[in-house]
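Numbering (our numbering), first residue to last: 1 to 139.
All residues carry an ideal CB built from backbone N, CA and C; glycine is no exception.
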């Protein structure tokens, strides 16, 4: 009898602590928006890596900075809001992982659509099991 009471109290405490940890403060970007921003930043960085020579570190760094500013402007996110949100997610690894997984899948879907568009048509259902013939650009 006492064991059941203790177990119920522990389960109630765990469910309360889990729901508390999942609440995101109002001044933090929601996971979906933060994931979208990070996915677009990843694409912007890849673009800069592909179009600037590797020896041009100074111009490459400033180009990355400009592209990140553009991404933030597109998403209507300020630098301070982005930095605060990024730090929040770094401090909450489970939420950070979930948010990054979502961003990764969005990025993979974008790459797959881009790849398929380059081939002229979406692959037939039987094509999905075949390995890719061209690698996707590195992130």
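Sort the options by Cα distance to residue i and report the nearest one.
i           : options             : result
residue 30  : 50, 71, 43 and 77   : 77
residue 84  : 28, 93 and 36       : 28
residue 63  : 46, 75, 74 and 79   : 46
residue 72  : 26, 110 and 41      : 41
residue 114 : 98, 96 and 43       : 43
residue 70  : 110, 88, 106 and 48 : 48
residue 26  : 95, 109 and 81      : 81
residue 23  : 59, 35, 95 and 68   : 95
Where does residue i fall in DSSP's three states?
i          : result
residue 35 : helix
residue 27 : coil
residue 48 : helix
residue 78 : coil
residue 93 : helix
residue 59 : helix
Buried or exposed: residue i, going by 16 or more other Cβ atoms within 10 Å of its Cβ?
i          : result
residue 51 : exposed
residue 91 : exposed
Say yes only if the C-beta of residue i is nearer than 8 Å to one or more non-hydrogen atoms of the ligand MG, and no if none qualify.
i           : result
residue 111 : Of ligands this structure carries none, so the ligand MG is not represented either.
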